[in-house]
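**Student:** In this note's numbering, the protein residues as written are 485 to 596.
The C-beta atom is built at its ideal place from N, Cα and C for all residues, glycine as well.
My questions all concern the structure below.
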Amino acid sequence: MEKEIRWIGSSYEDILDFPLGARKEAGFQLGKVQAGLDPDDWKPFGKVGSGTREIRIRDANGIYRVMYVVKFEEAIYVLHCFQKKTEATTKHDKDIVEARYKAVARERGEPK
């Protein structure tokens, strides 16, 4: 059974801004996550909260990230989607992911 995807904040609008190839790849990789599989290129992003991961997408137009939480039974929460323009994830992007993670935890009645 596939998990529902819940888009937090502007994450859905942000992914729609990806170039077509990167957007299709992001959709394919999120489909794998929904089916209980790991994406092709991902890594944990535990600096923000338990169970946070990033899907890494390389496209002719650049490098893109989809940050999500998969640990909750009811849904996959997509926290942030963005084009990566620096070697390390920027503080701004980390702050967005952290704030949205905290919002999901609050909504679920759980501590971070």
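Taking the straight line between their C-alpha atoms, what separation do you get for R542 and R592?
**Tutor:** Using only the alpha carbons, I get a separation of about 33 Å.
**Student:** If you measure between the beta carbons of V588 and I492, is that distance less than 8 Å?
**Tutor:** Contact: yes.
**Student:** Taking the straight line between their C-alpha atoms, what separation do you get for A506 and N545?
**Tutor:** Going from the Cα of A506 to the Cα of N545 covers about 8 Å.
**Student:** For the structure I just gave you, are there three or more beta carbon pairs, one from the stretch 511-526 and one from the stretch 565-575, closer than 8 Å?
**Tutor:** Result no; under three Cβ-Cβ pairs closer than 8 Å.
**Student:** Are the stretch 572-586 and the stretch 508-516 touching by the rule of at least three beta carbon pairs closer than 8 Å?
**Tutor:** Touching, no.
**Student:** In the stretch 496-574, which residue ranges form an unbroken beta strand (DSSP E) of at least 3 residues, counting only runs that do not cross its ends?
**Tutor:** Runs of the beta strand (DSSP E) inside the stretch 496-574: 526-528, 536-543, 546-553, 559-568.
**Student:** Using three-state DSSP, classify E582 as helix, strand or coil.
**Tutor:** Of the three classes helix, strand and coil, the one that applies to E582 here is helix, per DSSP.
**Student:** Taking just the CA atoms, how far does A583 sit from S494?
**Tutor:** Approximately 12 Å between the Cα atoms of the pair.
**Student:** Cβ atoms of R537 and V554: under 8 Å apart, would you say?
**Tutor:** Contact flag set, yes.
**Student:** Whose C-beta lies closer than 6 Å to the C-beta of K547 among residues of the same chain, with five residues either side of it excluded?
**Tutor:** At residue 547 the sequence reads Ile, which differs from the Lys that was named. Taken in chain order, the residues that qualify are K568.
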